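Engineer:
Protein chains: 2
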Amino acid sequence: MPDVISQIQADDRRFELPDGAGTDAVHSDPQYGYAVTQLVTADRKHSGTGISYTLGGGTNLVRTAIELLAEPLAGQEIEELMADFGTVHRAMAEHHQIRWLGPHKGVIHLALASITNACFDLWAKSRGVPLWKLLLDLSPEALTRLIDFSYLDEVLTADDALSILKGKWSTRSEREHILKEGYPGYDTSVGWFAYSDERIMENARRALDLGFTAMKLKVGSPQPERDVRRVQKVREAVGDGVRIMVDANQAWSLPKALDVCRQLASMQPYWVEEPTQPDDILAHQAIARAISPVPVAVGEAVSNRVMWKNFLQAGAVGIVQADCTRLAGISEYLAVSLLATKYPVKVIPHVGDMGQMHHHLVFFNHIALGHEKLFLEYIPHLRKHFMFPANVQNGAYQLPQEPGCSTDLLPRVDR
Amino acid sequence: MPDVISQIQADDRRFELPDGAGTDAVHSDPQYGYAVTQLVTADRKHSGTGISYTLGGGTNLVRTAIELLAEPLAGQEIEELMADFGTVHRAMAEHHQIRWLGPHKGVIHLALASITNACFDLWAKSRGVPLWKLLLDLSPEALTRLIDFSYLDEVLTADDALSILKGKWSTRSEREHILKEGYPGYDTSVGWFAYSDERIMENARRALDLGFTAMKLKVGSPQPERDVRRVQKVREAVGDGVRIMVDANQAWSLPKALDVCRQLASMQPYWVEEPTQPDDILAHQAIARAISPVPVAVGEAVSNRVMWKNFLQAGAVGIVQADCTRLAGISEYLAVSLLATKYPVKVIPHVGDMGQMHHHLVFFNHIALGHEKLFLEYIPHLRKHFMFPANVQNGAYQLPQEPGCSTDLLPRVDR
Chain A
1 MPDVISQIQA
11 DDRRFELPDG
21 AGTDAVHSDP
31 QYGYAVTQLV
41 TADRKHSGTG
51 ISYTLGGGTN
61 LVRTAIELLA
71 EPLAGQEIEE
81 LMADFGTVHR
91 AMAEHHQIRW
101 LGPHKGVIHL
111 ALASITNACF
121 DLWAKSRGVP
131 LWKLLLDLSP
141 EALTRLIDFS
151 YLDEVLTADD
161 ALSILKGKWS
171 TRSEREHILK
181 EGYPGYDTSV
191 GWFAYSDERI
201 MENARRALDL
211 GFTAMKLKVG
221 SPQPERDVRR
231 VQKVREAVGD
241 GVRIMVDANQ
251 AWSLPKALDV
261 CRQLASMQPY
271 WVEEPTQPDD
281 ILAHQAIARA
291 ISPVPVAVGE
301 AVSNRVMWKN
311 FLQAGAVGIV
321 QADCTRLAGI
331 SEYLAVSLLA
341 TKYPVKVIPH
351 VGDMGQMHHH
361 LVFFNHIALG
371 HEKLFLEYIP
381 HLRKHFMFPA
391 NVQNGAYQLP
401 QEPGCSTDLL
411 PRVDR
Chain F
416 MPDVISQIQA
426 DDRRFELPDG
436 AGTDAVHSDP
446 QYGYAVTQLV
456 TADRKHSGTG
466 ISYTLGGGTN
476 LVRTAIELLA
486 EPLAGQEIEE
496 LMADFGTVHR
506 AMAEHHQIRW
516 LGPHKGVIHL
526 ALASITNACF
536 DLWAKSRGVP
546 LWKLLLDLSP
556 EALTRLIDFS
566 YLDEVLTADD
576 ALSILKGKWS
586 TRSEREHILK
596 EGYPGYDTSV
606 GWFAYSDERI
616 MENARRALDL
626 GFTAMKLKVG
636 SPQPERDVRR
646 VQKVREAVGD
656 GVRIMVDANQ
666 AWSLPKALDV
676 CRQLASMQPY
686 WVEEPTQPDD
696 ILAHQAIARA
706 ISPVPVAVGE
716 AVSNRVMWKN
726 FLQAGAVGIV
736 QADCTRLAGI
746 SEYLAVSLLA
756 TKYPVKVIPH
766 VGDMGQMHHH
776 LVFFNHIALG
786 HEKLFLEYIP
796 HLRKHFMFPA
806 NVQNGAYQLP
816 QEPGCSTDLL
826 PRVDR
């Protein structure tokens, strides 16, 4: 029976975090927030859940934007919709009036993210398969039709994407063993900015015990000595075999970034994340050159595929932290994943969704696009709010089995 | 008596346009919209009006964002507020949760634009002077304190800005004659995309009769021959002495832009505006190189001072169309105006405000910053909605005399 979207709901969900969790150099008192899209079928058999990620305040703006942008989906049959979703996606992004609030950025783009992700979730549920399997089972042609390639022409056309997908097709079986093995995670909750030195050392040791071999520390202190000292403390706690990443969350100006990054680079972090303002492509380029071979990581605030194209062309990024809850959903995430295959970079998503969609996507990216198997960010703070929280065993995400994108949230708890 | 902000109101105003007006290659059925901030003093003697510019749809999102962001202004005395407005501005832009909806772009940045402009309007009214006089009478130190220079350090610090302002101080009198002469305008309403060939020729001749010596034509047609033909038609209508600008409103991919721009460049337009997606700094750089010496113009969709810094550093722009209703208000407009003095570019604002604030600002920029005297965009369609519509005589904006920023709107007309 065809699954027709008959009801579109938008919601503003915000979640309190445990004391000190989620803090960084710029965000002192975060909540985690989701702008949620719910697409319900006429027979109420399926409900697609899409989320985009905020830090709490203003999520209501995204909720209202969802209501504005999702209107054309009412009455659409999900298979028909997804058969040429790239065109649908583009039409929503290019709404002739609303695009002036971007284009392709900020509140309206986050709304498009949530809507897009709800479409993918409904589609996968309608077919009764998890997202990773849905995507792996699509023909290269069908996959390419999910994506809006506009403004990427000189680097990536739909035909290029098709060639990339076809080129990797015959060797897929060599990579499918990860479906059994799981996909390694790295632990971000080790080193929130507000945590004491003692606490980050304790957390680091616990992460090691849980099987993680990579972990992240928030830096960007007004006193660079604090940053340096804390990297040393974590290194002491876990030894040389563990990868340590540092994340400044946009705290520095370029001159300051160059100064502190050079100090940090001498301690061989696996990457330096968000050293400065995320629109500043040329500043990132300068930092990347200064601290090479330590790579610069960015993504959670890179607005769209056009900005990504510029970052990649400029050699301003080494670790592509594309996030389908910050870009315009899975569709634009796939565009960036394809784009990245043309450059000497690693793709390691930022997980606004706490890894729920992204653990599907990294399995897909490795098998279908040949992306290097690395590790996916892991943040545990919202586990209790998801219906199917990601299953992480011995530091590795296990293959999800439930149909859809694993983004269904448990209902609000009345207090 | 001190002027204390006691009431903050936000509004969503949308204006119908005459048939075909405002149309371009991408926006087929525009309204003009303003997200309005109103700051009313405790004694109700003054009300500061701030606007940011949209194309209608979604203006309600900006209205709600104004309500969120403007909260800290309640109870503030206007002189105290403006004495260190750069710090206030930064605090609003860096709201630790809401900045995640940008940062510095989209709906929340447009809200900050409206709020900022309302602060300047209230300040000028409180002092009983027009904006241009308010700004010209400030010391370089006081002017510099209006601006958030963060993330500009390697190109422009507050100290650099001070030097620029002081350096131009002694020669101001050589430029003050424009206060009497007025500031030339150029006519954008000649060549909207939906107008017929006959109509644009007629409009062009009428613009010439009204004293305009420069005018704009919308291009970006799926058939480049239409674009080329229409430039020829306008040229025929007005002769060789008139400057013709062409504006594609982001219609082209880079390969298409290179192709069509080369054809158009041979017809010596005074600039080519918005050839492609406005985040695509490297594409603009490529186009600028390809069509030099014809300059590339961008601005109405360049989000913030950091993007401007990149455009300037990359040589990706020749005509800086910064707009204080699209950037975060007059404060960030001044930052970009200062930044631009360091590069071989011309500053010719896009006028989301129909020139109301910008005709104050171009007088200031010429006298205080030494910006070349050129011409300011003129669009007549909203004249009847402003309390003090700009006075344009013989193709030139006359110096406004009313206190404030000339942004007060007439009340809604009930139908």
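Heads up: the sequence lines are chains A and F, in that order. Per our numbering, the very first residue in the first sequence carries number 1; after that it's consecutive. Per our numbering, the very first residue in the second sequence carries number 416; after that it's consecutive. Quick reminder that beta carbons are idealized off the backbone N, C-alpha and C, glycines included. None of the values given here were measured: they were computed from a predicted structure.
(1) Mind pulling the chain F residues with CB within less than 7 Å of ASN304 of chain A?
(2) At what residues does the beta strand (DSSP E) containing LEU454 of chain F begin and finish?
(3) With a cut-off of 8 Å on the beta carbons, I'd call ALA288 of chain A and ALA316 of chain A a contact; round off their distance for me.
(4) Going straight from the alpha carbon of ASN203 of chain A to that of GLY767 of chain F, what length do you get?
(5) Are the Cβ atoms of PHE535 of chain F and GLY490 of chain F separated by less than 9 Å?
(6) Which residue wins for smallest C-alpha separation from ARG235 of chain A, given the options A:PRO224, A:MET215, A:ASN249 and A:SER173?
(7) Compare the beta carbon distance of SER529 of chain F and VAL451 of chain F with 9 Å and say whether it is the shorter of the two.
(8) Give the secondary structure of GLY128 of chain A by DSSP, where H, G and I count as helix, E and B as strand, and everything else as coil.
(9) Taking beta-carbon pairs under 7 Å, can you tell me which members of the stretch 222-255 of chain A lie near chain F?
(10) With a Cβ-Cβ cutoff of 9 Å, do MET354 of chain A and ILE319 of chain A count as a contact?
(11) Flag this pair as touching only if the stretch 24-32 of chain A and the stretch 118-136 of chain A have three or more C-beta atom pairs under 8 Å; answer yes or no.
(12) Compare the beta carbon distance of THR59 of chain A and ASP12 of chain A with 9 Å and say whether it is the shorter of the two.
(13) Distance, Cα to Cα, ASP575 of chain F vs PRO815 of chain F?
(14) Quick check on the burial criterion: 16 or more other C-beta atoms within 10 angstroms. Buried or exposed for LEU825 of chain F?
(15) Looking at the C-beta of ASN809 of chain F, does it have a partner C-beta in chain A at a distance below 9 Å?
(16) For ILE745 of chain F, which option in F:SER467, F:ASN532, F:LEU791 and F:ALA506 has the closest C-alpha, if you only look at C-alpha atoms?
(17) Quick one, which residues of the stretch 488-521 of chain F are near chain A if we go by CB-CB under 8 Å, in chain order?
(18) Since GLU431 of chain F is in the beta strand (DSSP E), which residue starts that stretch and which ends it?
(19) Can you name the residues of chain A whose CB is closer than 7 Å to the CB of LEU476 of chain F?
(20) Can you name the start and end residues of the alpha helix (DSSP H) that VAL234 of chain A belongs to?
(21) Less than 7 Å between C-beta atoms, sequence neighbours within five positions excluded: which residues of the same chain meet that for LEU420 of chain A?
(22) In the DSSP assignment, the beta strand (DSSP E) including PRO555 of chain F goes from what residue to what residue?
(23) State the CB to CB distance for the pair GLN321 of chain A and VAL306 of chain A, rounded to an integer number of angstroms; the pair is presumed to be in contact (CB under 8 Å).
(24) Starting from THR469 of chain F, follow its DSSP beta bridges and name the residues at the other end.
(25) So that I know if they touch, is there some Cβ in chain A lying closer than 9 Å to that of GLN728 of chain F?
(26) When you check each C-beta in the stretch 28-40 of chain A against every C-beta of chain F, which residues fall closer than 9 Å?
(27) Could you please tell me which residues of the stretch 725-750 of chain F, in chain order, have their CB closer than 8 Å to any CB of chain A?
(28) Which whole runs of the beta strand (DSSP E) in the stretch 298-379 of chain A are 3 residues long or more, in chain order?
(29) Grab the span of the alpha helix (DSSP H) containing ARG289 of chain A for me, first residue to last.
(30) So does the stretch 655-675 of chain F actually touch the stretch 685-698 of chain F, counting three or more Cβ pairs closer than 8 Å?
(31) Please report the distance separating the alpha-carbon of HIS796 of chain F from that of SER821 of chain F.
(32) Go to LYS216 of chain A, then tell me how far its beta strand (DSSP E) extends in each direction, as first and last residue.
(33) Please report whether the beta-carbon of VAL441 of chain F lies at a distance below 9 Å from any beta-carbon of chain A.
(34) Less than 9 Å between the C-beta atoms of MET616 of chain F and VAL646 of chain F, yes or no?
(35) In terms of DSSP beta bridges, what is GLN422 of chain F paired with?
(36) Where does VAL88 of chain A sit, in a helix, a strand or coil, going by DSSP?
Structural biologist: Short version:
(1) ASP694
(2) Counting along the chain, the beta strand (DSSP E) containing LEU454 of chain F begins and ends at 447-456.
(3) 6 Å
(4) 52 Å
(5) Result no, Cβ atoms of PHE535 of chain F and GLY490 of chain F do not sit closer than 9 Å.
(6) A:MET215
(7) Yes. Within cutoff.
(8) If DSSP states are grouped into helix, strand and coil, GLY128 of chain A belongs with coil.
(9) SER253, LEU254 and PRO255
(10) no
(11) no
(12) yes
(13) 30 Å
(14) It is exposed - the Cβ of LEU825 of chain F has fewer than 16 other Cβ atoms within 10 Å.
(15) Taking CB atoms only, ASN809 of chain F has no neighbour in chain A less than 9 Å away.
(16) F:ASN532
(17) GLU509, HIS510, HIS511, GLN512, ILE513, ARG514, TRP515, LEU516, GLY517, PRO518, HIS519, LYS520 and GLY521
(18) Run containing GLU431 of chain F: none; DSSP gives neither H nor E here.
(19) LEU61, THR64, ALA65, LEU101 and VAL107
(20) Start and end: 224-238.
(21) In the structure as shown, chain A begins at 1 and stops at 415. Residue 420 of chain A is therefore absent and cannot be evaluated.
(22) Here PRO555 of chain F belongs to no beta strand (DSSP E); instead the alpha helix (DSSP H) covers 555-559.
(23) Not a contact, Cβ separation roughly 17 Å.
(24) F:GLY448
(25) yes
(26) SER28, ASP29, PRO30, GLN31 and GLY33
(27) ASN725, GLN728 and ALA729
(28) 376-378
(29) Taken as a continuous stretch (DSSP letters only), the alpha helix (DSSP H) holding ARG289 of chain A covers 281-291.
(30) Short answer: they touch.
(31) Whole-angstrom Cα-Cα distance: 16 Å.
(32) 214-218
(33) Output row for VAL441 of chain F: interface = yes.
(34) no
(35) GLN422 of chain F pairs with F:VAL455.
(36) helix
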